[in-house]
Amino acid sequence: MVRTKFYLDTRKVIKGGQGFSLRLNITHNRKIASYPLGVNLTGEQWDDVKNEVVNHPNARALNLMLASKKASIDREILRLEEDGRVADMTATQIRDHVLLVVEPDKAKKEEKVEQPKKKVENTLKVFFEKFGATHSNKRTQELYACTWRRIAAHVPDEAETLTIEDIDLDWLHEFDLFMELTAPSANSRAIHMRNLRAVCNYAYNNRKTDWQPFRGYSIATEATRKRNFDVATLRRIFNHECAEEWQVKYRDFLRLTFMLVGINAADLCSLREVRGGRVEYIRAKTHKPYSIKVEAEARELLDRYAGGTMLLNYLDRYKNYRSFYMNMCNGLKEIRDQLGLEELTTYWMRHSWATIAYEIDIPVDTIAQALGHGCNRVTDIYIERDVRKVDDANRKVLDYVLHGIDYRVPVVKKRGRPRKEA
Numbered sequence: 029m030v031r032t033k034f035y036l037d038t039r040k041v042i043k044g045g046q047g048f049s050l051r052l053n054i055t056h057n058r059k060i061a062s063y064p065l066g067v068n069l070t071g072e073q074w075d076d077v078k079n080e081v082v083n084h085p086n087a088r089a090l091n092l093m094l095a096s097k098k099a100s101i102d103r104e105i106l107r108l109e110e111d112g113r114v115a116d117m118t119a120t121q122i123r124d125h126v127l128l129v130v131e132p133d134k135a136k137k138e139e140k141v142e143q144p145k146k147k148v149e150n151t152l153k154v155f156f157e158k159f160g161a162t163h164s165n166k167r168t169q170e171l172y173a174c175t176w177r178r179i180a181a182h183v184p185d186e187a188e189t190l191t192i193e194d195i196d197l198d199w200l201h202e203f204d205l206f207m208e209l210t211a212p213s214a215n216s217r218a219i220h221m222r223n224l225r226a227v228c229n230y231a232y233n234n235r236k237t238d239w240q241p242f243r244g245y246s247i248a249t250e251a252t253r254k255r256n257f258d259v260a261t262l263r264r265i266f267n268h269e270c271a272e273e274w275q276v277k278y279r280d281f282l283r284l285t286f287m288l289v290g291i292n293a294a295d296l297c298s299l300r301e302v303r304g305g306r307v308e309y310i311r312a313k314t315h316k317p318y319s320i321k322v323e324a325e326a327r328e329l330l331d332r333y334a335g336g337t338m339l340l341n342y343l344d345r346y347k348n349y350r351s352f353y354m355n356m357c358n359g360l361k362e363i364r365d366q367l368g369l370e371e372l373t374t375y376w377m378r379h380s381w382a383t384i385a386y387e388i389d390i391p392v393d394t395i396a397q398a399l400g401h402g403c404n405r406v407t408d409i410y411i412e413r414d415v416r417k418v419d420d421a422n423r424k425v426l427d428y429v430l431h432g433i434d435y436r437v438p439v440v441k442k443r444g445r446p447r448k449e450a
């Protein structure tokens, strides 16, 4: 179904400061083509709710003219629908056809006038390429490239010339609806929206544009379900006898992830040495420094899977980390099915460590420090965190999960005073 609606384009001021251009948006298959009406108005002269001209000396005449023109356009679109031609047309093709029928003289004039081409250096595609290049992490570059592919799929005809100034609130809502066709999860779509916003902010901060399309737009998200195991399930996983020998190394990878305070899989594979009884590294995701004490249980696994160049040998047989990770996911699926679990990933180990730590009364601030979550960005500048608190917390978590040692002080209920007999 084709929809038409008046739209005051406040993104660009008409040359000479005579207000903004009033247009008629033609929407078809979630794509919009703008139909010029030749009317310029200020923001105070257009009522977007009533969809009519106000506070203008010729308001009545303009409203009659606009109503007549919209009626003519709607009639022509209805004729196209009755002929069954709309289904094979794009919004732009409908707009051009209507312009040719309703205002043939104007259409011919539009054909003769060569439209200025948009500057290639100011396209959204170029900004995506430039912003992606500022990240050294290849995975991050891939995520931004993926977002651009979604945008290009949304507007294939305009992808090469699309600029940040072409994006407004309506465009963002249309893009979200387009992504919803293949990504029902709001959080998945939010990733692409945040990437697009970051690119727009990059262009704005570098003074390449004055337009901020996300002003007034809220990126929708939804609460994620909990991804943690209880202590009984963790013990089942860690003590599981794998059906095949090749699966053991992936089970042990899970165990090592948990023992090193839920360390990220990419960071675990990139470790090179143990120095002074600790592993120290810069986390790939946040670029923050980490220092984790290697407990005896983790030391045993590190020795069992000792590598040559790297601390662990998990990548010795694989071309890169991504190749290993895909094989590990397949191995964990096998173990998951053997245990009868719905899901089993290294990410669950990180959540489980935090949940178990909270369960045995580790302070929330210490848990946040262990996971690298700053509680307060301002005070974090002045406070030198004590890693011994994290070391102590990890030891208590391991003792509880691996050995059943619970350091919690049992709560003793106070007895009331005995009643005096009468």
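29 is the number of the first residue of the sequence shown in my numbering; add one for each residue after it.
Here a beta-carbon is modelled for each residue, glycine too, at the ideal position from N, C-alpha and C.
Spatial neighbours of Gly335 in its own chain (CB-CB distance under 7 angstroms, excluding positions within 5 residues in sequence) are listed in chain order as Asn341 and Asp344.
As summarised for the region 184-246, the continuous alpha helix (DSSP H) elements at least 4 residues long and confined to that stretch are 197-208 and 214-233, given in chain order. In this model, Thr175 and Asn355 are separated by some 26 angstroms (Cα to Cα).
DSSP assignment within the region 48-75 yields the following whole beta strand (DSSP E) runs of 3 residues or more, N-terminal first: 48-56 and 59-69.
Ile291: not part of any beta strand (DSSP E); DSSP gives it neither H nor E. If you compare the alpha carbons of Ile291, Lys78 and Ala382 with that of Asn256, the shortest gap goes to Ala382. Residue pairing by DSSP places Ala334 opposite Leu340 in a beta bridge. Residue pairing for Phe34: DSSP places it in a beta bridge opposite Leu52. Residue state for Glu301 is assigned as coil, using DSSP reduced to three classes.
Here DSSP, grouped into helix, strand and coil, assigns Ile320 to strand.
Excluding the 5 residues flanking it on each side, Ile122 has same chain C-beta neighbours closer than 8 angstroms at Val30, Ile54, His56, Ala61, Ile105, Leu108 and Val114, in chain order. Judged by DSSP secondary structure, Glu157 falls within the alpha helix (DSSP H) whose first and last residues are Leu152 to Ala161.
Excluding five sequence positions before and after Leu197, the CB atoms of its chain that fall closer than 7 angstroms to its own CB belong to Gly244 and Tyr245, given in chain order. Its Cα nearest to that of Thr337, the residue Val302 stands out among Glu371, Ala326, Tyr353 and Val302. In this structure, the alpha-carbon of Arg103 lies about 37 angstroms from that of Met221.
In this structure, Leu426 keeps its C-beta atom at 8 angstroms or more from the C-beta atom of Met207.
In the same chain as Trp199, and ignoring 5 residues on each side of it, the C-beta atoms closer than 8 angstroms to its own belong to Ile60 and Pro241, in chain order. Annotation: the continuous beta strand (DSSP E) that includes Arg306 extends over Arg306 to Ile310. Rounded to whole angstroms, the separation of the alpha carbons of Glu202 and His182 is 9 angstroms. With respect to the 8 angstroms criterion, Glu188 and Thr237 are not classified as neighbours on the basis of their beta carbons. Residues Ala312 of the same chain have their beta carbon placed closer than 7 angstroms to that of Asn165, with the five preceding and five following residues left out of the count. DSSP, read as helix, strand or coil, puts Val82 in coil. Inter-residue distance for Glu328 and Val276 is about 15 angstroms (C-alpha atoms, whole angstroms). Short of 6 angstroms from the beta carbon of Phe281, and not among the five residues preceding or following it, lies no beta carbon of its own chain. Around the beta carbon of Asp204, 16 or more other beta carbons sit within 10 angstroms, so the residue counts as buried.
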